[in-house]
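Engineer: Below is one structure. I have some questions about it.
Number of protein chains: 2
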Amino acid sequence: MARTQGSHSDITGPRIRSAALRLFARHGYAAVSMRQIAKEVGVQAGALYNYTPDKQSLLFRLMREHMQDLLQAYAALNSSSDPQEALRGFVGFHIRFHLERPDEVFIAYMELRNLTPENFAEIEDLRRSYENAVEKILRDGQRSGRFAIADTKIATLAVIAMLNGVMTWYRAGGRLSLDEVEQAYWDMVRRAVTA
Amino acid sequence: MARTQGSHSDITGPRIRSAALRLFARHGYAAVSMRQIAKEVGVQAGALYNYTPDKQSLLFRLMREHMQDLLQAYAALNSSSDPQEALRGFVGFHIRFHLERPDEVFIAYMELRNLTPENFAEIEDLRRSYENAVEKILRDGQRSGRFAIADTKIATLAVIAMLNGVMTWYRAGGRLSLDEVEQAYWDMVRRAVTA
DNA sequence: CTTCTATCTGAACATTTGTTCAGATACGGT
DNA sequence: ACCGTATCTGAACAAATGTTCAGATAGAAG
Numbered sequence: 004m005a006r007t008q009g010s011h012s013d014i015t016g017p018r019i020r021s022a023a024l025r026l027f028a029r030h031g032y033a034a035v036s037m038r039q040i041a042k043e044v045g046v047q048a049g050a051l052y053n054y055t056p057d058k059q060s061l062l063f064r065l066m067r068e069h070m071q072d073l074l075q076a077y078a079a080l081n082s083s084s085d086p087q088e089a090l091r092g093f094v095g096f097h098i099r100f101h102l103e104r105p106d107e108v109f110i111a112y113m114e115l116r117n118l119t120p121e122n123f124a125e126i127e128d129l130r131r132s133y134e135n136a137v138e139k140i141l142r143d144g145q146r147s148g149r150f151a152i153a154d155t156k157i158a159t160l161a162v163i164a165m166l167n168g169v170m171t172w173y174r175a176g177g178r179l180s181l182d183e184v185e186q187a188y189w190d191m192v193r194r195a196v197t198a
Numbered sequence: 004m005a006r007t008q009g010s011h012s013d014i015t016g017p018r019i020r021s022a023a024l025r026l027f028a029r030h031g032y033a034a035v036s037m038r039q040i041a042k043e044v045g046v047q048a049g050a051l052y053n054y055t056p057d058k059q060s061l062l063f064r065l066m067r068e069h070m071q072d073l074l075q076a077y078a079a080l081n082s083s084s085d086p087q088e089a090l091r092g093f094v095g096f097h098i099r100f101h102l103e104r105p106d107e108v109f110i111a112y113m114e115l116r117n118l119t120p121e122n123f124a125e126i127e128d129l130r131r132s133y134e135n136a137v138e139k140i141l142r143d144g145q146r147s148g149r150f151a152i153a154d155t156k157i158a159t160l161a162v163i164a165m166l167n168g169v170m171t172w173y174r175a176g177g178r179l180s181l182d183e184v185e186q187a188y189w190d191m192v193r194r195a196v197t198a
């Protein structure tokens with residue numbers, strides 16, 4: 004049992020982050036000890052410090068990589084030039100991306116207050132980038148007369164908040180398929196912003 | 004400095020809960036120690052146990068009282084029999100009630116995982132009551148043909164999630180007045196559910 | 001003024017916390 | 001077969017944790 008020592012382990016790093024991710028999501032950053040993480044990996048607590056300078060960095064790295072993945076994946080989605088189509092694309096993307104990463108999303112929204120000020124600022128920048136990309140769609144639609152939105156900033160946050168809500172209840176294999184969920188949310192988003 | 008002992012203190016209890024509320028909201032339940040709460044009140048840690056059997060009960064009481072206040076306040080709002088008016092009333096109520104209690108709301112949504120299973124179940128029941136009241140409005144409107152909603156359960160959660168989003172960014176004295184915010188959200192909610 | 005009691009202090013407790021480090025170990029290269 | 005080094009163990013550290021409790025204290029009641 005446990006890992007033998009001396010063994011080359013390019014896999015220990017990922018396993019540590021994976022265990023930390025699940026435990027942080029489940030019990031919260033402050034409630035999880037380094038020893039719990041180590042136990043999950045099958046290693047002593049001291050060994051974790053070959054892979055992270057401290058506990059805070061472990062959390063920060065998880066959050067930053069998640070936000071970077073999100074931005075990169077969204078950038079890779081070639082968005083339509085038609086605002087309505089672009090918004091539809093965003094809704095589908097956002098729902099699916101987030102449902103595939105429940106733990107990362109949970110942490111990214113719940114553990115912001117456990118970041119040091121500098122780390123917090125960096126994560127906030129990334130999130131604002133994402134919001135700005137969404138707001139651009141709404142502004143384009145507003146300018147073209149396709150959308151009728153009182154305040155695009157509010158609408159951006161409202162749409163994202165509404166979509167994020169799906170994470171609190173959706174379970175694969177439940178009453179509704181992913182396509183049905185996506186359709187239901189898209190119907191509401193579309194009507195909420197359309198003239 | 005500090006409180007003198009022996010003084011009658013019907014005010015110590017409320018002050019403890021008030022300090023716990025603010026600290027839990029700011030740093031999270033697990034990250035706040037009983038000594039920090041005591042210090043905020045100006046008392047030694049041991050004195051807290053005259054007012055709560057343990058830390059868990061302190062959190063639970065804050066959450067339960069908040070949910071009960073929410074349900075009671077909503078019940079006191081005499082709702083219109085017209086679904087659209089009822090929904091409008093709910094939107095205004097929900098936004099204002101929640102913006103008046105940022106700390107309570109934060110805790111009620113973030114600290115669920117730090118409740119014991121029994122306590123969690125009780126809070127969940129209260130929240131479901133609230134959701135059911137909202138869903139009733141949507142079903143009434145659906146039945147009368149006023150609303151066009153694919154799934155009233157999803158729509159309920161979507162509307163609440165969207166409105167809750169206001170808490171993450173609204174600050175009194177900011178760019179928009181409370182009335183403007185309420186109007187903007189009501190516009191979106193109305194269009195999202197209206198036929 | 002004396003007595004009573006609710007309230008608070010201050011110390012103690014066993015555990016757990018994040019982190020460090022000297023030494024043990026086992027793999028890759030020679 | 002041996003060495004070098006990346007990796008892990010196991011013990012140690014001071015500090016902090018939730019909780020308990022005997023005793024001090026001050027206001028209320030008589």
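If you're matching them up, the sequences are chains A and B in order.
Numbering-wise, the working numbering comes out as the position in the first sequence, counting from 1, plus 3.
Numbering-wise, the working numbering comes out as the position in the second sequence, counting from 1, plus 3.
We put the CB at the ideal spot given by N, CA and C, even for glycine.
Starting from the beta carbon of tyrosine 133 of chain A, find every residue of chain B whose beta carbon is closer than 9 angstroms, and list them in chain order.
Structural biologist: Here the premise fails: no neighbours, minimum Cβ distance about 14 angstroms.
Engineer: Under 6 angstroms Cβ to Cβ from leucine 90 of chain A, same chain only, skipping five residues before and after it: list those, please.
Structural biologist: The answer, listed in chain order, is Ile140.
Engineer: Using a Cβ distance threshold of 8 angstroms, determine whether the region 179-196 of chain A contacts the region 150-162 of chain B, with at least three qualifying pairs required.
Structural biologist: Taking 8 angstroms as the limit for Cβ pairs, the verdict is that the region 150-162 of chain B does touch the region 179-196 of chain A.
Engineer: Which class does threonine 197 of chain B belong to by DSSP, given the choice of helix, strand or coil?
Structural biologist: Of the three classes helix, strand and coil, the one that applies to threonine 197 of chain B here is strand, per DSSP.
Engineer: Note down the Cα distance separating proline 165 of chain B from asparagine 167 of chain A, rounded to an integer number of angstroms.
Structural biologist: Looking at the sequence itself, residue 165 of chain B is methionine, so the reference to proline does not match. Taking the straight line joining both Cα atoms gives about 9 angstroms.
Engineer: Give a yes or no on whether the minimum CB-CB distance between methionine 70 of chain B and chain A is below 7 angstroms.
Structural biologist: Answer no: the Cβ-Cβ gap between methionine 70 of chain B and chain A never drops below 7 angstroms.
Engineer: Along chain B, in chain order, which residues have C-beta atoms closer than 9 angstroms to that of tryptophan 172 of chain A?
Structural biologist: Lys156, Ile157, Leu160, listed in chain order.
Engineer: Run through chain B and tell me which residues come within less than 8 angstroms of asparagine 122 of chain A, C-beta to C-beta.
Structural biologist: Correct list: empty, because the minimum Cβ distance to chain B is about 15 angstroms.
Engineer: Using DSSP bridges, identify the partner residues of glycine 150 of chain A.
Structural biologist: Before going further, note that residue 150 of chain A is phenylalanine rather than glycine in the sequence given. Note: phenylalanine 150 of chain A sits in a beta bridge opposite A:Thr197.
Engineer: If you draw a straight line from the alpha carbon of leucine 24 of chain A to that of glutamate 114 of chain A, how long is it in whole angstroms?
Structural biologist: For leucine 24 of chain A and glutamate 114 of chain A, the distance between alpha carbons rounds to 11 angstroms.
Engineer: Is there a C-beta anywhere in chain A that falls below 7 angstroms from the one on methionine 191 of chain B?
Structural biologist: With 7 angstroms as the cut-off, methionine 191 of chain B counts as an interface residue toward chain A.
Engineer: Check the Cβ of histidine 101 of chain B against every Cβ in chain A and list those closer than 9 angstroms, keeping chain order.
Structural biologist: Simply none; closest approach about 13 angstroms.
Engineer: Please report the distance separating the alpha-carbon of valine 46 of chain B from that of glutamine 186 of chain A.
Structural biologist: Straight-line Cα distance between these residues: approximately 56 angstroms.
Engineer: Within the same chain, show all residues whose beta-carbon is closer than 6 angstroms to that of valine 162 of chain A, passing over the 5 residues directly before and after it, in chain order.
Structural biologist: Closer than 6 angstroms at the Cβ level, and outside the excluded window around valine 162 of chain A, lie Val192.
Engineer: Starting from the C-beta of serine 33 of chain B, find all residues in its chain whose C-beta is less than 8 angstroms away, skip the five residues before and the five after it, and write them out in chain order.
Structural biologist: As written in the sequence, residue 33 of chain B is alanine, which differs from the serine given in the question. Result list for alanine 33 of chain B: Asn117, in chain order.
Engineer: Identify every run of the alpha helix (DSSP H) within the region 9-64 of chain A, keeping only runs that are complete inside it and at least 4 residues long; order them along the chain.
Structural biologist: Correct list: 15-30, 37-44.
Engineer: Quick one: Cα of valine 94 of chain A to Cα of valine 108 of chain A, how far?
Structural biologist: Those two C-alpha atoms are separated by around 16 angstroms.
Engineer: Roughly how many whole angstroms lie between the Cα atoms of methionine 70 of chain A and valine 169 of chain B?
Structural biologist: Roughly 22 angstroms separates the two Cα atoms.
Engineer: Using 8 angstroms for Cβ pairs, my map puts phenylalanine 63 of chain B next to leucine 80 of chain B. What's the rounded Cβ distance?
Structural biologist: Actually they are not in contact, since the Cβ atoms of phenylalanine 63 of chain B and leucine 80 of chain B sit about 26 angstroms apart, beyond 8 angstroms.
Engineer: Between the C-alpha atoms of glutamate 127 of chain B and leucine 74 of chain B, what's the straight-line distance to the nearest angstrom?
Structural biologist: Approximately 13 angstroms between the Cα atoms of the pair.
Engineer: To the nearest angstrom, report how far apart leucine 26 of chain B and leucine 61 of chain B are at their CA atoms.
Structural biologist: The straight-line gap from Cα to Cα measures roughly 12 angstroms.
Engineer: Among the residues of its own chain, which have a CB less than 7 angstroms from the CB of alanine 111 of chain A, if the five just before and after it don't count?
Structural biologist: Taken in chain order, the residues that qualify are Met66, His69, Met70.
Engineer: Applying the criterion that 16 or more other CB atoms from any shown protein chain within 10 Å of the CB defines a buried residue, is glutamate 103 of chain B buried or exposed?
Structural biologist: Exposed.
Engineer: To the nearest angstrom, how far is the alpha carbon of alanine 78 of chain A from that of phenylalanine 100 of chain A?
Structural biologist: Going by the C-alpha atoms only, they are around 13 angstroms apart.
Engineer: Does any CB atom of chain A fall closer than 7 angstroms to the CB of glycine 31 of chain B?
Structural biologist: Closer than 7 angstroms to some Cβ of chain A, the Cβ of glycine 31 of chain B qualifies, so yes.
Engineer: Could you list which residues in chain B have their beta carbon closer than 7 angstroms to that of asparagine 167 of chain A, in chain order?
Structural biologist: Neighbours of asparagine 167 of chain A on chain B, chain order: Ala164.
Engineer: Would you call the CB atoms of alanine 198 of chain A and alanine 151 of chain A closer than 7 angstroms?
Structural biologist: Result yes, Cβ atoms of alanine 198 of chain A and alanine 151 of chain A sit closer than 7 angstroms.
Engineer: Here's a check: name, in chain order, each residue in its chain whose Cβ is nearer than 7 angstroms to the Cβ of tyrosine 54 of chain B, leaving out the five neighbours to either side.
Structural biologist: Thr15, Gly16, Ile19.
Engineer: Round the Cβ separation of serine 147 of chain B and proline 86 of chain B to the nearest angstrom and send it over; I've been treating them as touching at under 8 angstroms.
Structural biologist: 6 angstroms between Cβ atoms; contact.
Engineer: What residues of chain A sit near arginine 194 of chain B, judged by a beta carbon separation below 7 angstroms?
Structural biologist: The answer, in chain order, is Arg194, Ala195.
Engineer: Kindly indicate if chain B contains any beta-carbon less than 7 angstroms away from that of alanine 187 of chain A.
Structural biologist: Closer than 7 angstroms to some Cβ of chain B, the Cβ of alanine 187 of chain A qualifies, so yes.
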